[in-house]
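Each residue of the sequence shown is one higher than the one before, counting from 1 in my numbering.
Every residue gets a Cβ at the ideal spot worked out from N, C-alpha and C, and that includes glycine.
It should be emphasised that the depicted structure is a prediction, and the values quoted were computed from it without experimental measurement.
Below is one structure, written out as structure tokens; the observations come after it.
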Amino acid sequence: MKRILLFVLTNFAVMAVLLVTTRILGVDRFLTANGLDMTALAGFSLVIGFGGAIISLLMSKTMAKMSTGARIINQPQNADEAWIVQTVQKFAEKAGIGMPEVAIYDGAPNAFATGAFKNSALVAVSTGLLQGMTRDEVEAVIGHEVAHVANGDMVTMTLIQGVMNTFVVFLSRVIGYAVDSFLRRGSDNNSGPGIGYMVTTIVMDIVLGFLAAIIVAWFSRQREFRADAGAASLMGRKQPMINALARLGGLTPGELPKTMQAMGITGGLGKLFSTHPPMEERIDALQKL
């Protein structure tokens, strides 16, 4: 709940900063004189930026179950399922959070955690993960997902995405209105925004959206490093997490070859938009712990 409150307060703070900045720069006087209601725009941006992100967060568990076909393990049907539930429970108690729902789904080696609240999250693992990894490695991956929950990463990412959405919606429309007003100087047609506003707003939504995605992706990569370290802490040793990352990257656990730099998305724009760091960087960070 503290993070949800932070989410709300941060969005209001963002709007306040934007309004104060436009006033200091004199932008609000120019735009208001040309018919733009800055307060109404701020409210609209807040609703769009805040509303979409918070709805996405609150629906995250339901959408995750539907999209992956995950089956909640209420009563374990075999030894593997019983072990998964016990492992999640052990880590949840150690991390000081409520017992998450535990699920299993068919798919390639992977796992995820989601949910709006720390004490009612969802941790799910794939059948491919169980089949392609050792128990120690699967345990490390589960620890990684529990660490995401304990760190409040789902809410943090929603907070960041909401703030970025608010900025994009507000700034694209301010710029669009300014461009449209400039293009229509001397015109007697003041019936409302024209084609210049619509075109500029669409273009700025795209451009600013890309910039926002880069920022969100950077934060996402930092949380992966923290979750890797969290898994090592929960297990009391880092080697299983190193081995799990190496196996997920298609490598033999152990000393990393120099050719690893070619793996994953390691350069150019691809890395800027990647939500997960390259495996070699994650392994290197763990080795340095």
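- Note on geometry: alpha-carbon atoms of Val207 and Thr200 lie some 10 angstroms from one another.
- Contact annotation: His144 and Ala227 have beta-carbon atoms nearer than 7 angstroms.
- Take the alpha-carbon of Val20 and the one of Thr166: they are about 15 angstroms apart.
- Of all C-beta pairs linking the region 39-57 to the region 148-163, three or more are shorter than 8 angstroms, placing the two stretches in contact.
- Rounded to whole angstroms, the separation of the alpha carbons of Ser67 and Ala16 is 37 angstroms.
- Leu58 and Ala116 have their C-alpha atoms roughly 6 angstroms apart.
- Shortest Cα-Cα distance from Arg223 to any of Glu281, Asn151, Ala79 involves Asn151.
- Annotation for Phe112: no alpha helix (DSSP H) segment contains it, though the beta strand (DSSP E) segment containing it runs 111-114.
- For Ala42 and Thr127, the gap between their C-alpha atoms comes out near 47 angstroms.
- The alpha carbon of Ala111 has as its nearest neighbour, out of Ile142, Arg135, Lys118, the alpha carbon of Ile142.
- When DSSP reads this structure, Ala124 sits in a beta bridge with Ala103, Phe112.
- Looking at Glu280, Ile214, Ala113, Ile283, the one whose alpha-carbon comes closest to that of Ser274 is Ile214.
- If you look at Asn243, you'll find it in the alpha helix (DSSP H) that goes 239-248.
- Going by beta carbons, Pro278 and Arg221 fall outside the 7 angstroms limit.
- The straight-line gap separating the alpha-carbon atoms of Asp136 and Pro240 is approximately 6 angstroms.
- With a threshold of 16 other beta carbon atoms within 10 Å, Asn74 falls short and is exposed.
- In this structure, the beta-carbon distance from Gly196 to Leu211 does not fall below 7 angstroms.
- Residue range 79-95 is occupied by the alpha helix (DSSP H) that includes Ala79.
- With contact defined as three or more Cβ pairs closer than 8 angstroms, the region 97-112 and the region 229-239 are not in contact.
- According to DSSP, residue pairing for Arg71 in a beta bridge involves Ile104.
- Using a Cβ distance threshold of 7 angstroms, Ile72 and Ala92 do not count as a contacting pair.
- Bounds of the alpha helix (DSSP H) holding Gly162 are 153-183.
- Pro109 and Gly236 have their alpha carbons spaced roughly 24 angstroms apart.
- With a contact defined as Cβ atoms closer than 8 angstroms, Ala140 and Ala244 qualify at about 5 angstroms.
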